[in-house]
Every structure is written in structure tokens, then in C-alpha cells.
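Structure, as C-alpha cells:
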Amino acid sequence: MKIIPILKKAVVLLVSVFILNILQTAVFPYLALGGVIPNLLLVLTSFYGFMRNRREGMIAGLLCGLVIDFSSGTLFGTHVIILLTIGYLNGLSRKVFFGDDVKLPILFVGLSDLLYGLFIYLVSFAFRQSGDFNFYLMNIIIPEAVYSVMISFVLYFIYARIFIWMNREERKVEHIL
Amino acid sequence: MEKKKKTRIPSESLFIILFTVGIIFLLLSYVNNFKGGIFGTVTNAIFAPIQTGIERVGSRASKYRADSKTIDELTSENEKLKKQNENLTSKLSQIQLQSSELENLQKLYKLDQQYTGYNKTGARIIARGSDNWFNTFTIDKGTKDGIRTDMNVIADGGLVGIVIKSGRNYSLVRSIIDDTSNVSGMSLNTGNTCIISGNLQSMTKSNRIKITNLENPDNKIKSGEPIVTSNISDKYLPGILIGYLDSTKEDSNQMTFSGTVTPAVDFKHLQNVLVVLSKKETGAK
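So the protein sequences, as listed, match chains A and B.
Count along the first sequence from 1, then add 7; that gives the number in this note's numbering.
Count along the second sequence from 1, then add 726; that gives the number in this note's numbering.
This is the structure:
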């Protein structure tokens, strides 16, 4: 009885990661603004953390991090760690800021992307280069966050519905039990 | 709801466990060059066919956009091309004169037999890396076409990068403009070695990458000098054009020079690449 909703949730998450990764690696390079593409997998992780809970945020972050790490040239695990943390922190923030407001989840996408940018900069760039942080902030971190926030408006309405459906499914199961 | 599920691991502990797993991944990758093992290969192999399909559609769409030019544009372009043609013919005669000189040089560096003699296979870029920080991409050929890790990737006669991982139907390539890339190079005419490092900052600002540790006695090496892969590099085949020297400045040690290089490959519009199917024999293994 309990296994079916978990299975459904897993399928939704896997399909989301699959589609968003395809969009991010194969479609958005054609739609780059100022050489920058949005970070869709981060948006997904942030939504799962903030609109569902810590646990699902972490699992989404873990999956997204793995998928990025599989196809990137950095040390394996870099993206796992940061996205895992972002999913968890978003879940924690949910406890503090509660509400069905559109602004908050999207605000947290922006904050998460800034955190992501800072982390990648610190881990992979700060020690090797002569560390011109301003440049990276203005040319990569902030543009990426802005673009991600723009895209997250669209994704928000899709995921708000998916999450409402998930809640309903979960309640159904509780009734049966 | 929470009370019922007391048997589950609390979120805090789960976070700490997963975080530790992440750190273990990092260490493994650092020590052992771990890249996700079989899971990574399988995941990427699933993504590759779809990325190939989308790339086909995408490149066709951008070609269509390029096709739809107005007559005005075409006539002006035609005139421009005519002028260019004149220029080129005059240049050609100059170059023919110089080519005999070039032949001698090539013989000197044995470029002709080393560079053109390699077996190569063409491949298409089907996906870019997932974020804006690193310059890696996926191509649509893998181990079944004979591509292995550490093979060199070239395009337009210049060095593009190196294969860092290959699965059955895909390979990951790190380009030389990636911030973590370092290539041992040398100046074509004098043979002085140097290090070419990818640099996100100068690449974004001015499409150039860094050159360091260049020995340049008496300032002999001028800007415009072709920089090729050196024969002491352990992964790159010798004599592949990397780019042209842009500007140099003497380092504070007053022995070496560093500056910028314009890559020979147009990385912004790269769609097709050639993978050199032979690896450098270094005798290491």
C-alpha cells in the first residue's frame, strides 16, 4: 500500500531530472543569454526542498548533483555536495517561511543559485586563479541566478501543480491506513 | 504524521550521511580519478541518443535561420565576397611564395608526417556541460568507434581538447579553454616551451587564453607566432596548432614571459570535431 505513492514520487522525480537535464545540456545552449545558461537542475532541487521538504530536497539534490557530476570534468562529488546542501537548506527555510506565495520559492531559487555560484567559485577558482571575484560575480554568478529565476517562474506553475497532486495522493493513502 | 514514521532516519542524520558520501566521492575522484563508474556510463549512455536528436533539430533550425536572408543581404554579401576574393587571390600568390619556405619548416618539425598521418574520426557535439563554469561537452561517438580516454580532439586545424571519459555511444571532452585545462605548448619557429592554460575570465572578456612560462630570449617571439603542442607533453600529440600568440609581458623573475593566446578554434560556433584515434606513446605504461 505504502510503496505505490513512493514509487509515483520517484518516477516524477526521475522524469523531472531527465527532462530538465536534457533541456539544460542540449536545448538551452542555443538560448544562452550573454553566454550564460540557467541552472534548471538547481531550480528543481530548490523547489523540492522549499515546496516539499528537507528529505525530498536532499534526494533531488543528490540525483541532480550526480547527473551533473557524471558529465562534467570537475572532481566527482563537487555538485553532489553543493546541491545536496541546497536541497537541505531550502527544506530548512520552509520551516521558517511558510506559505503558498509565488515570491518565496522563486526568491529561494535566486538565493540558492548565488550560493551555488559562490561554492563553485570557492572550490574550483579562488585558489587557482588570482581570484578576481568581482568579475565572476558580475559575469557568471549573478547572470546565472537572474536567468534561473526567470525560468523558475515557468517551472513554478508546473511544479506547484505536481506537488498539489502529490499531497493529494499522500492524503489518500493516509485515509486508507 | 511525524509520529507514525519514527522508524525512518531523521533528516539531519540523512543529510550528514549523504554529505559524507559526497566527500568520499571527492576523495575517490582526487586519488583515483573516479568518474561515477558504471552508473555514470549508463546515465550518460541513456542521455546521449536524445541529445543527439535534439542537436540535429537545433542545428537544422539554426541553419534555416542562416538560410533565410533577403536579396539585399545576398547582393551586399556577394559584393563583399568579390572584394574578399580579389584580396585573397593577391594573398594566394604571396603565400605560394612562402609555401616553399613553410615546407622546409614543416620538414624541420616533421609536422607533415606526424599531424596529417593520424587516423581521425569525425564527431558531432551533442551537449554542453551543465553549468557556466566549465567548458566540457559531449560528442556522439564513443568506444564503439574506437575513442578512448586521453585521445586528442581537433577542429578547424586547431586543438579543441582531450577526451576525459568515453562510453559506448558518447564521449566527454574537456576543451583547452576550460579553466582547469593545461597544455604544454611550444612556439613553432623557435621551439621554446610554454604552458597554455584555459581561463574563464579572459575567455569571457576577450576570447583569449593564458600562456605562461614562455622562454623568450631577446624578445624573439613576436605576437602572431603560432603556438603548437610541444613534444614533451604527456597526453597531447606534438605539433597540433593551439593558437596564435597575442601579447606577452615579462614575468617578475625576468626569465620567462606570460601573456595571452588567441585559440585557433572558434569555440563559440563549434559543432563538428575530429578525434585523433591514436594516443601519445610516452612509455609510461
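For each residue, glycine too, the CB sits at the ideal point set by N, CA and C.
query	result
Simplified DSSP assignment, three categories, for Arg894 of chain B	coil
Pairwise C-alpha distance: Val34 of chain A and Leu47 of chain A	12 Å
Chain B contact residues for Val34 of chain A, given Cβ-Cβ distances below 8 Å	Ile780 and Gly784
Thr796 of chain B, buried or exposed, once every other Cβ within 10 Å from all chains shown has been counted against 16	exposed
According to DSSP, residues forming a beta bridge with Ala853 of chain B	B:Thr864
Cut-off 7 Å between Cβ atoms - residues of its own chain near Gly950 of chain B, not counting five sequence neighbours on either side	Tyr970 and Leu971
Reference Thr32 of chain A, options B:Pro775, B:Tyr756, B:Ser932 and B:Phe760, closest by Cα	B:Pro775
Asn998 of chain B - partner residues in DSSP beta bridges	B:Arg850
Cα-Cα separation, Thr92 of chain A to Pro736 of chain B	16 Å
Euclidean distance between Cα positions of Gly94 of chain A and Leu121 of chain A	14 Å
Given 8 Å, three or more beta-carbon pairs between the segment 80-88 of chain A and the segment 865-880 of chain B	no
Environment of Glu63 of chain A [buried if 16+ CB atoms lie within 10 Å]	buried
Local Cβ density within 10 Å of Phe993 of chain B, reported as buried at 16 or more and exposed below that	buried
Counted within 10 angstroms of its Cβ, other Cβ atoms place Pro943 of chain B as buried (16 or more) or exposed	exposed
beta-carbon Lys110 of chain A near the ligand COA non-hydrogen atom, thresh 8 Å	No copy of the ligand COA appears in this structure; indeed no ligand is present at all.
Short CB-CB distance (under 9 Å) between Ile762 of chain B and chain A	First, the residue type needs correcting, since residue 762 of chain B is Gly and not Ile in the sequence shown. With 9 Å as the cut-off, Gly762 of chain B counts as an interface residue toward chain A.
Chain B contact for Arg61 of chain A (CB, 9 Å cutoff)	yes
Met727 of chain B, buried or exposed, once every other Cβ within 10 Å from all chains shown has been counted against 16	Reliability fails at Met727 of chain B, whose pLDDT of 43 lies under 50, so the model's placement of it is uncertain and the value that follows must be treated cautiously. Looking at its Cβ environment, which holds fewer than 16 other Cβ atoms inside 10 Å, Met727 of chain B is exposed.
Any C-beta of chain A under 9 Å from that of Lys729 of chain B	Confidence at Lys729 of chain B is low in this model, with a pLDDT of 46, below 50, so its placement is unreliable and the value that follows should be read with caution. Chain A, which has no Cβ nearer than 9 Å to the Cβ of Lys729 of chain B, makes this no.
At least 3 beta-carbon pairs within less than 8 Å: the segment 988-1008 of chain B vs the segment 872-884 of chain B	yes
Close beta carbons around Thr52 of chain A, own chain, < 6 Å, minus the five adjacent residues each side	Ala67, Gly68, Cys71, Leu90, Ile93 and Gly94
DSSP three-state assignment for Asp904 of chain B, whether helix, strand or coil	coil
N-terminal and C-terminal residue of the beta strand (DSSP E) that Ala881 of chain B is part of	Asn878 to Ala881
Three-state secondary structure assigned by DSSP to Ser910 of chain B	strand
Between the CA atoms of Arg934 of chain B and Ile158 of chain A - distance to the nearest angstrom	31 Å
Sufficient close CB pairs (3 or more, under 8 Å) joining the segment 869-880 of chain B to the segment 993-1008 of chain B	yes
Pairwise C-alpha distance: Phe765 of chain B and Ile113 of chain A	32 Å
Inter-residue Cα distance where the pair is Thr916 of chain B and Lys891 of chain B	34 Å
Candidates B:Pro952, B:Ile852, B:Lys931 and B:Asn945: closest to Tyr1012 of chain B by CA position	Because chain B in this structure spans residues 727 to 1011, residue 1012 of chain B falls outside the shown range and cannot be described.
Sequence-distant residues of its chain with Cβ nearer than 8 Å to Trp859 of chain B (five each side left out)	Asp905 and Leu926
Inter-residue CB distance, Met145 of chain A and Leu744 of chain B (contact presumed, cutoff 8 Å)	Actually they do not touch by this definition, with Cβ atoms about 33 Å apart.
Interface positions of the segment 140-167 of chain A facing chain B (Cβ-Cβ less than 7 Å), listed along the chain	Phe142, Asn146, Ile147 and Glu151
Lys1011 of chain B to Asp960 of chain B span [Cα, whole Å]	Any reading at Lys1011 of chain B must be qualified, since the residue scores a pLDDT of 46, below 50, and its modelled position is unreliable; the value itself is stated next. One C-alpha to the other measures close to 12 Å.
Strand pairing of Leu967 of chain B, partner residues [DSSP]	B:Gly884 and B:Val954
Contacts of Tyr55 of chain A in chain B (Cβ-Cβ under 8 Å)	In chain order: nothing, as chain B lies at least about 13 Å away.
First through last residue of the alpha helix (DSSP H) which encompasses Pro112 of chain A	Lys110 to Ile127
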